[in-house]
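Beneath this line is the structure, given in structure tokens, with notes to follow.
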Amino acid sequence: ISLGLRLIIIIGGSYKKAVYKEYTDGSFTEHKRRLAEEAHLGLLGPVIKAEVGERIRVTFRNNGSRPFSVQPHGVSYRALISLTGIGSPASHVSPGTTFTYEWDVPEDVGPTEQDPDCLTWLYYSAVDAVRDTSSGLVGPLLVCRKGALLSSGKQVSQRKKMETFFFLLATVFDENLSWYLDDNILMFTLSPDKIDRDDEDFRESNKMHSINGYMYGNQPGLEMCKGSVVSWHLMGLGSEVDVHGIYFSENTFVTKGTRRDTANLFPHTALTAVMKPDSEGKLSCLTTDHYTGGMKQNYKVKKCHWWNVDVSMYLHEKIYYIAAVEVEWDYSPNRTWEFERHQYNEERYFGKGEKMQKKAKDQLTSPLNLFLFQTFLDTLSFHISFLGSLEFVLPSFVAI
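What follows is the structure in structure tokens.
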């Protein structure tokens with residue numbers, strides 16, 4: 001009996017990649033260890049930060065097997081093509097060689113008064129932008145307003161509260177376009193000679209719907225304190241399939257002057273979203289099959305020590321006593337419209353009366369003050385009518 005089944009050989013979940021690594025000095029002998037708060041970066045390169053008016057100097061060493069480069073968004077740099085028409089070393093740094101880039105950060109690319117302290121950009125290798133980025137060469141770049149960075153590069157919030165910073169790249173890494181497809185077939189399959197590179201299922205298996213190179217909730221380090229201010233630096237990359245709607249469940253954020261729970265990302269676009277989380281949630285892409293393909297991660301919101309929390313959330317509370325009270329309710333106290341109608345029609349209406357006994361929510365304080373409080377409600381909020389009591393709550397109050 002033939003079941004029509006066929007065996008598909010795939011590479012799996014591990015691939016050879018090229019990534020940007022930071023070193024301690026220009027000798028390129030010792031990697032700079034990432035801090036615990038940088039664990040979420042995954043395959044992203046180091047975060048490059050600068051304030052407006054500054055100059056960035058990046059010394060790039062190509063330890064790969066083919067020419068690569070560093071191409072930034074959001075800064076100013078000199079042309080990469082010489083007058084002779086031959087590409088300069090900046091556009092294609094050969095394997096085993098070093099090149100120093102210099103980029104200026106003009107005022108007109110910096111944050112405005114309505115923007116957060118730092119704007120999100122990215123950098124990547126652009127010798128062959130599609131194949132280079134598919135191989136993994138991409139990293140975040142921040143352009144900040146003056147005074148937003150310490151000499152160490154740490155960001156100082158102008159809000160004077162604890163801040164946490166996350167950098168997320170949402171993209172479908174197409175390993176079919178990577179420079180290392182042949183290497184991955186040899187390294188991670190048992191029968192490399194039986195691989196059909198043009199097989200549709202094989203090619204689909206090599207499309208990794210990831211955030212920072214992680215899929216299906218495997219991204220580490222997405223932890224924050226309840227009530228703290230969190231900056232999400234979101235980036236997009238890839239091709240026409242990389243149209244992403246990144247949804248943050250359970251919390252909202254502010255970006256470009258509006259409050260949302262979903263961020264739209266397109267190839268080579270970026271945004272900064274500011275959040276004050278109060279519950280754990282999941283961040284995921286809800287576009288087409290990206291969610292089922294693995295583009296989803298969990299972020300943890302934990303209770304921290306009181307000095308790490310925005311205490312204004314808990315300074316005040318308002319207590320309301322609400323009861324169900326039976327009242328006589330008139331659905332239409334003004335009947336002039338009906339009298340006008342009867343002037344032009346002989347019909348008479350003898351239907352159900354407009355006044356009916358209803359249960360409505362009323363607000364009680366204490367038995368002694370009930371009459372005075374009811375009078376206050378009648379005069380101040382008569383327009384509320386059949387609705388429940390009028391409750392006044394300031395932004396930092398908790399209603400119980």
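Those letters in the sequence shown? Residues 1 to 400, per the UniProt record's numbering, in order.
Idealized CB from N, CA, C, for every residue including glycine.
Exercise. Would you call the CB atoms of G64 and P95 closer than 8 Å?
Worked result: In contact: G64 and P95 (Cβ atoms closer than 8 Å).
Problem set entry | Any 3 or more C-beta pairs closer than 8 Å across the stretch 250-259 and the stretch 267-284 | Touching, per the Cβ criterion.
Problem set entry | Proximity winner among D193, T98 and P72, relative to T133 (alpha-carbon distances) | The candidate whose alpha carbon is nearest that of T133 is P72.
Problem set entry | Proximity to G236 [Cα-Cα], best of K194, T269 and F248 | Per the Cα distances, T269.
Problem set entry | Segment limits, alpha helix (DSSP H) that includes D183 | From DSSP, the alpha helix (DSSP H) with D183 extends over L181 to F188.
For this session: Look at the alpha carbon of P277 and the alpha carbon of K296, and state the distance between them as a whole number of angstroms.
Result: Going by C-alpha positions, P277 is about 18 Å away from K296.
For this session: With DSSP as the reference, label F166 as helix, strand or coil.
Result: The answer is strand: DSSP assigns F166 an E or B state.
Problem set entry | Identity of the residue in K32, F28 and C118 nearest residue 447 by Cα | The question about residue 447 has no answer, for the chain in this structure spans 1 to 400.
Problem set entry | the stretch 141-153 touching the stretch 284-303, judged by at least three CB pairs closer than 8 Å | They do not touch, by the three-pair rule.
Problem set entry | Sub-8 Å separation of L169 and I211 beta-carbons | The Cβ atoms of L169 and I211 lie closer than 8 Å to each other.
For this session: Counting only runs of 3+ residues fully inside the UniProt domain "Plastocyanin-like" (43-144), write out the beta strand (DSSP E) ranges in chain order.
Result: Along the length of the UniProt domain "Plastocyanin-like" (43-144), whole beta strand (DSSP E) runs at least 3 residues long occupy 48-51, 55-61, 98-104, 118-124 and 138-144, reported in chain order.
Exercise. Between S76 and S125, what straight-line distance do the alpha-carbon atoms span, to the nearest angstrom?
Worked result: Taking the straight line joining both Cα atoms gives about 16 Å.
Problem set entry | Straight-line Cα distance separating G139 from V47 | When rounded, the separation of the alpha-carbon atoms in V47 and G139 is 7 Å.
Problem set entry | N212 (DSSP reduced to helix, strand or coil) | Coil, per DSSP.
Exercise. So what's S205 in DSSP terms, helix, strand or just coil?
Worked result: Secondary structure of S205 (DSSP, three-state): helix.
Exercise. Cα separation between L122 and Y216?
Worked result: Rounded to the nearest angstrom, the two C-alpha atoms are 24 Å apart.
Problem set entry | Own chain residues within Cβ distance below 6 Å of D201, not counting five before or after | Annotation for D201: I8 place their beta carbon closer than 6 Å to its own, counting only its chain and skipping 5 residues before and after.
Problem set entry | Separation of P106 from A39, as counted between CA atoms | Going from the Cα of A39 to the Cα of P106 covers about 31 Å.
For this session: Indicate the three-state DSSP secondary structure (helix, strand or coil) for N298 in the structure shown.
Result: The DSSP-derived three-state label of N298 is strand.
For this session: To the nearest angstrom, report how far apart L35 and L234 are at their CA atoms.
Result: Distance between L35 and L234, taken at the CA atoms: about 20 Å.
Problem set entry | Buried/exposed call for H290, threshold 16 Cβ in 10 Å | Residue burial annotation: H290 is buried, with at least 16 other C-beta atoms found within 10 angstroms of its C-beta.
Exercise. Can the beta-carbon of L190 be found less than 8 Å from the beta-carbon of V130?
Worked result: No.
Exercise. Under a Cβ-count criterion, where at least 16 other Cβ atoms within 10 Å of its own Cβ denotes burial, should Y15 be classed as buried or exposed?
Worked result: By the C-beta density criterion, Y15 is buried, having at least 16 other C-beta atoms within 10 angstroms.
For this session: Give me the Cα-Cα distance between E102 and G12, rounded to the nearest whole angstrom.
Result: About 40 Å.
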